[in-house]
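Take 65 as the starting number for the sequence shown in my numbering and just add one per residue.
A quick write-up on the structure given underneath.
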Amino acid sequence: MFLGVPLLAPGAAAVFTVRLVSVGSLPPAMLGFLQEGVTRELGAAVRMGGNLPLPASCPEGRSQYPGAPFLAALAAARSPGDEVILGVTGVDLTAPGLNFVFGLADPRSRAAIISLARLYPEFYGQPRDPRRFKARAVTEAVHELGHLLGLGHCIDPACVMSFSNSLADTDMKGPGFCNPCREKLGK
Ligand SMILES: [Zn+2]
Ligand SMILES: [Zn+2]
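Following this line, the structure appears as structure tokens:
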């Protein structure tokens, strides 16, 4: 594991900008630690990009939502240029064939979304643990951004790009890239 080692040397210009957007009702404070974490792990410039409402096809009050309309709304909101857009939502997301997803990415439209819903220990009846919750959220954010930057899933269970079947996988991998993934990113 190479936790906390930025992809770019300190002081190097970031090659892309991440725009961080909350989707649906989410306290703005929720984005601050993600901005910090993504900046630290990716060496990217991260700017706060405001709030989008839940997609029109996703009325408030459901227990779970398909992720695709979220990606479409984010893609439509993305500014032209090198920017990638990462949405953060508090609602639980799913995708065809899966019971739930922690996040989704569409490299073609350079848009990704993560859901915080299943990252809280409380979701599983465990005691509150803000530190662990934040670490999980940063890991999921870096994972989806890795997809936007062209990386697929990695077989190294310690690499941030390994696939999370469960939160135990997320907790095991942490936010760092393995060496081969880091090299691919550099190209
Ligand atoms: Zn993935
Ligand atoms: Zn890897």
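Heads up, the beta-carbon is just placed ideally off N, CA and C, and yes, glycines get one too.
Remember, predicted model here, so these are calculated numbers, not experimental data.
Does the distance between the C-beta of D224 and the nearest non-hydrogen atom of ligand 2 fall short of 8 Å? By one-based count along the sequence shown, residue 224 stands at place 160. Position check: residue 224 holds Val in this sequence, whereas Asp was assumed. At least one heavy atom of ligand 2 is nearer than 8 Å to the Cβ of V224, so yes.
Regarding A169 and ligand 1, is the C-beta to nearest heavy atom distance less than 8 Å? As a first step, residue 169 is located in the sequence shown; it is residue number 105 there, counting from the start. Because some heavy atom of ligand 1 lies under 8 Å away, the Cβ of A169 counts as near it: yes.
Am I right that V152 and V87 are in contact with their C-beta atoms under 8 Å? What's the rounded C-beta distance? By 1-based counting over the sequence shown, the position of residue 152 is 88. By 1-based counting over the sequence shown, the position of residue 87 is 23. Confirmed, Cβ separation roughly 7 Å.
Taking 8 Å as the cut-off, is the C-beta of F97 nearer than that to any heavy atom in ligand 1? For the purposes of this step, residue 97 is identified with residue 33 of the sequence shown, where counting begins at 1. Result no, Cβ not under 8 Å from ligand 1.
Does the beta carbon of E247 fall short of 8 Å from some heavy atom of ligand 1? Your numbering for residue 247 matches position 183 in the sequence shown. Flag unset: Cβ of E247 not near ligand 1.
Minimum C-alpha distance to F134 - residue among G167, R111 and H217: In the sequence shown, counting from the first residue as 1, residue 134 sits at position 70. Of the listed residues, the one whose Cα sits closest to F134 is G167.
Enumerated in chain order, which unbroken segments of the alpha helix (DSSP H) with a length of 4 residues or greater are wholly contained in the segment 123–168? 132–141
Taking the alpha helix (DSSP H) that L116 falls in, what are its first and last residues? One-based indexing of the sequence shown puts residue 116 at position 52. Per DSSP, L116 belongs to no alpha helix (DSSP H); it is in the beta strand (DSSP E), A109 to L116.
Does DSSP classify A232 as helix, strand or coil? By one-based count along the sequence shown, residue 232 stands at place 168. Three-state DSSP puts A232 in a helix.
Just to confirm, does D233 get its C-beta within under 8 Å of one of the non-hydrogen atoms of ligand 2? Taking the first residue of the sequence shown as position 1, residue 233 is located at position 169. D233 Cβ: outside cutoff for every heavy atom of ligand 2.
Would you call the segment 206–219 and the segment 170–189 in contact, with 3 or more CB pairs under 8 Å? yes
In three-state terms, what does DSSP make of G68? In the sequence shown, residue 68 corresponds to position 4, counting from 1. Any answer about G68 is weak, because its pLDDT of 39 lies below 50 and its placement is not dependable; what the coordinates show is given next. Three-state DSSP puts G68 in coil, outside helix and strand.
Spatial neighbours of N115 in its chain, beta-carbon cut-off 6 Å, leaving aside the 5 residues before and after: Working through the sequence shown from its first residue, we reach residue 115 at position 51. Cβ neighbours of N115 beyond the five flanking positions: S86.
For F241, verify whether its CB is less than 8 Å away from any heavy atom of ligand 1. Position 177 of the sequence shown, counted from the first residue, corresponds to residue 241. The answer is no for F241.
T203 to G238 span [Cα, whole Å]: Residue numbering aside, residue 203 sits at position 139 when the sequence shown is read from its first letter. Residue numbering aside, residue 238 sits at position 174 when the sequence shown is read from its first letter. Answer to the nearest angstrom: the Cα atoms are 6 Å apart.
Three-state secondary structure assigned by DSSP to R196: Your numbering for residue 196 matches position 132 in the sequence shown. Helix at R196.
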